[in-house]
Structure formats: C-alpha cells, structure tokens
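Engineer: Mapping the sequence shown onto full-length UniProt numbering, position 180 (from 1) lands on 180, and the numbers just tick up by one.
Following this message is one structure expressed as structure tokens.
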Amino acid sequence: MEYTSGATSWQKVLRRAAAGLLPRRPRQRRPGWSIGVPLIAAAAGLLFTTTATTAGGTALREDRRPQLNQLIEDRREQVAASERRAATLRGEVEQRTNTLAGSDAPIKDQQNRAQGSLQNAGFTALGGPGVTVELNDAPQLDQTQSDASNDDLVVHQGDVQAVVNALWAGGAEAMSIMNVRVLTTSAVRCVGNTLLLHGRVYSPPFKIVAIGDPAALQQALASSQGVRLFKDAVDDYQLGYKETASEVRVPAFEDSTALRSATVPK
C-alpha cells in the first residue's frame with residue numbers, strides 16, 4: 001500500500017484548486033429583509049413627497065390658531081350676512097302681505113288674528129319690572145383655592161338652565177339671555193365655557209333677564225336647588241353671581257319661525 005504524506009496531500013488539493021476542479025461553495029440565498037429594503041425605501045420616499053406637497057412649503061407643526069381664528073371670523077360674517085338677508089326678505093313678505101290685505105278680506109282677517117298672537121308668541125319687545133341674573137366664571141386657578149379644578153371655575157350648562165327654569169317657574173312673562181329673546185322651547189347648551197344659543201356663541205358673563213313680579217322671581221331663585229348649589233360654588237371658588245330687581249326690557253324673538261311639528265288640540 002502506497003503511503004502519502006500530509007504535505008503531498010495538501011499539494012494535490014492546491015493543484016486541484018488551481019485547476020478549478022474543487023467543488024464551489026454553495027451560494028447563499030438572499031434573506032427576505034434584503035428584498036424588502038428597496039420597497040420600504042420607496043414607500044418612505046412617497047410618504048415624504050406627499051407630506052411636502054401637503055405642507056406647501058410650510059411647517060406642519062406650526063401654530064395654525066391664527067388661521068382657525070380667521071376661519072371662525074369669516075363664518076361669523078357669513079352668518080351675519082345671512083341674517084341680514086333673512087330680515088330683508090321677512091320685511092318684503094310682510095309688506096306684500098299688507099298690500100294684499102288691503103284688497104283681500106280673508107287675508108286681512110288672518111293677519112288680524114296673527115297680530116293678536118304676536119305678543120304671546122314672543123314676537124314683540126316687552127318691558128316692565130323684572131329680575132336680572134348674571135353668572136360669571138371664577139378668576140384663574142392660582143388666585144383661588146389650590147384644590148379647585150378647571151371645572152370648578154366655570155359656569156356650566158346646568159347652572160344656566162337652573163336659573164332659567166327657576167325664573168319660568170317663578171312666573172316670568174318674557175325672558176332673554178345675552179339680549180336674545182328666548183321662549184319656553186329654547187334650548188340652552190354650553191360648549192366648554194361658552195354658551196350656544198340659537199346658533200350663536202356667547203362668552204361669560206351670562207346675563208339673563210326676566211319680566212315678571214320681582215318678589216316671585218327672586219323667591220323662585222332662592223328655592224331652586226340648582227341655583228343654591230351654584231351660590232355655594234360662588235363662596236367656595238369665587239364664581240360670579242349677581243341678582244338685581246329693576247325695570248327691564250327684552251327684545252322680540254328673531255329666530256326662525258319655521259314650523260317643525262304640530263299636533264291637533266283635543
């Protein structure tokens with residue numbers, strides 16, 4: 001048997017390698033993440049391009065409150081313009097109705113009947129003895145008790161409703177909130193610390209005026225549990241409550257008179 005030294009064996013291996021006779025190392029497969037990298041990079045580039053287009057050359061995190069304030073102011077001007085247009089149209093309708101009533105007896109009769117109901121419906125301004133109630137937010141948190149929260153320092157929807165309901169219960173003949181005539185069907189809503197009434201937004205202090213017997217109205221306010229709770233908060237958190245009896249005046253109802261529902265009386 002022929003003996004081959006280790007050196008000789010290595011020489012054979014080197015010669016076979018030089019001649020390209022050794023088996024090649026198997027090629028490793030590319031892992032999946034290496035294929036996904038170009039896709040992720042493309043998606044990121046698309047996202048950056050979309051962001052730049054949306055920003056329009058401005059910083060996305062810049063303070064947009066000035067634009068929001070301007071938008072709100074523009075909408076208020078549009079609403080005011082629409083209200084003026086509606087008032088003009090109501091005047092034209094009334095003028096044409098008066099013209100027709102001069103030559104049409106049935107229309108004249110219906111007009112007279114409607115005129116007799118305007119005051120009871122709230123469509124005429126009224127004046128007389130009454131009570132004025134003013135509700136206001138408390139000073140800033142650092143000027144009051146340290147254990148007070150933000151909710152403790154503002155006038156809530158329930159506070160306004162408590163005063164309104166107490167005045168109606170006390171026999172109020174007419175009422176206005178922020179110099180806007182309200183009826184028994186008017187909804188009082190608060191958004192944050194602002195009042196939403198007939199589509200308009202008002203900030204505190206909230207002024208409520210009611211025509212009626214001042215003694216009866218003040219007694220109703222004193223008997224209301226909701227009003228008493230607010231007065232307790234006045235003592236605790238320096239909320240504002242002011243109640244005065246005097247000669248007052250409330251404007252006519254000027255909101256929409258469109259009929260939404262009706263029932264036949266028995």
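Ideal placement from N, C-alpha and C gives every residue a C-beta, glycine not left out.
Between the alpha carbons of residue 267 and VAL155, how many angstroms are there, rounded?
Structural biologist: Any property of residue 267 remains undetermined from this structure, which presents the chain solely from 1 to 266.
Engineer: Under three-state DSSP, which class holds GLU243?
Structural biologist: Stepping through the sequence shown from its first residue, residue 243 is reached at position 243. If DSSP states are grouped into helix, strand and coil, GLU243 belongs with the strands.
Engineer: Note the first and the last residue of the continuous alpha helix (DSSP H) segment covering GLY226.
Structural biologist: Numbered from its first residue, the sequence shown carries residue 226 at position 226. 225-237 is the span of the alpha helix (DSSP H), which, as asked, contains GLY226.
Engineer: Secondary structure at GLN143, three-state DSSP: helix, strand or coil?
Structural biologist: Your numbering for residue 143 matches position 143 in the sequence shown. Its pLDDT being 49, under 50, GLN143 is placed unreliably in this model, and the value from its coordinates should be taken loosely. The answer is helix: DSSP assigns GLN143 an H, G or I state.
Engineer: Short of 6 Å in beta carbon distance, which residues of its chain neighbour residue 291, apart from the five on each side in sequence? Order them along the chain.
Structural biologist: Missing from the structure shown is residue 291; the chain here goes from 1 to 266 and no further.
Engineer: Using 8 Å for Cβ pairs, my map puts LEU197 next to ILE211. What's the rounded Cβ distance?
Structural biologist: Numbered from 1 along the sequence shown, position 197 holds the residue referred to as residue 197. Numbered from 1 along the sequence shown, position 211 holds the residue referred to as residue 211. The pair is not a contact, with the Cβ atoms about 18 Å apart (cut-off 8 Å).
Engineer: So PHE206 and LEU221 are supposed to be a Cβ contact under 8 Å. How far apart are they, rounded?
Structural biologist: Against the sequence shown, residue 206 aligns to sequence position 206. Against the sequence shown, residue 221 aligns to sequence position 221. About 15 Å separates the two Cβ atoms, so there is no contact after all.
Engineer: What are the start and end residues of each continuous beta strand (DSSP E) run of 3 or more residues lying completely inside the region 125-195, in chain order?
Structural biologist: Counting only runs of 3 or more, we get 126-136, 174-177, 180-182, 189-191.
Engineer: Below 8 Å, how does it come out for the region 214-231 and the region 158-176: are there three or more Cβ pairs, yes or no?
Structural biologist: Touching, yes.
Engineer: Quick one: grab the DSSP three-state call for ALA210.
Structural biologist: Along the sequence shown, one-based indexing puts residue 210 at 210. Strand, per DSSP.
Engineer: With distances taken from CA atoms, which of PRO251, GLY199, GLN110 is nearest GLU83?
Structural biologist: Numbered from 1 along the sequence shown, position 83 holds the residue referred to as residue 83. Comparing Cα positions, the closest option is GLY199.
Engineer: DSSP on VAL201, reduced to helix/strand/coil?
Structural biologist: By 1-based counting over the sequence shown, the position of residue 201 is 201. Three-state result, VAL201: strand.
Engineer: Name, in chain order, the residues that DSSP records as bridge partners for VAL248.
Structural biologist: For the purposes of this step, residue 248 is identified with residue 248 of the sequence shown, where counting begins at 1. Paired residue(s): GLY128.
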